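Each step along the sequence shown adds one to the number in our numbering, with nothing skipped, and position 30 is 36.
Structure, as structure tokens:
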Amino acid sequence: MLRRGPVSAVSAIPAAGGSGGRSPRDPVRALQHTLYRAAKAEPGRRFHALMDKIYRRDVLARAWLTVRGNNGAPGIDQVTLAKAEEYGVDRLLGQLACELREGRYRPLPARRVLIPKPGVREELRPLSIPAVRDRVVQAAVK
Numbered sequence: 007m008l009r010r011g012p013v014s015a016v017s018a019i020p021a022a023g024g025s026g027g028r029s030p031r032d033p034v035r036a037l038q039h040t041l042y043r044a045a046k047a048e049p050g051r052r053f054h055a056l057m058d059k060i061y062r063r064d065v066l067a068r069a070w071l072t073v074r075g076n077n078g079a080p081g082i083d084q085v086t087l088a089k090a091e092e093y094g095v096d097r098l099l100g101q102l103a104c105e106l107r108e109g110r111y112r113p114l115p116a117r118r119v120l121i122p123k124p125g126v127r128e129e130l131r132p133l134s135i136p137a138v139r140d141r142v143v144q145a146a147v148k
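Below, the structure is given as structure tokens:
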């Protein structure tokens, strides 16, 4: 099936499933693999200047796909995945990249909810739910 219309940064990234993202032409996987090999070769190595890799559009686009695949609840700002898509994923990722590049990115407070403890009646445990934008940045760092 042919894809019509403009190709966004997100649609140009192969999904995390499928071929497993192992294509040598996948720059995000190549970056991850290079960092992994360097860390394994020198376990005590400290990495510097990684921020420029986090705010790359292809890295943020892959992070969006990861977050989108998890179907999480909205954070404290009540922005759902559907609202983020309505706003424009490319626009959101562009703003995140700009904030990260300029050092202006600040995560929002996490939304706290109480959920039942598994196997224990009437006891609750706290769960923190980050905002969608913060989950994208977390996935990019990962």
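No residue lacks a Cβ here, since even glycine has one placed at the ideal position from N, Cα and C.
Just so it is clear, the structure is predicted and the values come from calculations on it, not from any experiment.
(request) Determine, using beta carbons only, whether P136 and G81 come nearer to each other than 8 Å. (result) Yes. Within cutoff.
(request) Can you give me the start and stop residues for the alpha helix (DSSP H) that R117 sits inside? (result) No alpha helix (DSSP H) holds R117; the beta strand (DSSP E) holding it covers 117–122.
(request) Starting from L130, follow the alpha helix (DSSP H) in both directions and report where the run begins and ends. (result) Segment 130–135 is the beta strand (DSSP E) holding L130; no alpha helix (DSSP H) there.
(message) Relative to the C-alpha of V95, which candidate in R117, H39, R68 has its C-alpha closest?
(response) V95 has its Cα closest to that of R68, out of R117, H39, R68.
(message) Tell me the residue span of the alpha helix (DSSP H) that contains K89.
(response) Annotation: the continuous alpha helix (DSSP H) that includes K89 extends over 87–93.
(request) Give the straight-line distance between the Cα atoms of F53 and V147, rounded to the nearest whole angstrom. (result) Inter-residue distance for F53 and V147 is about 13 Å (C-alpha atoms, whole angstroms).
(request) Report buried or exposed for Y42, applying the criterion of at least 16 other Cβ atoms within 10 angstroms of its Cβ. (result) Counting Cβ neighbours within 10 Å, Y42 comes out exposed, since fewer than 16 surround it.
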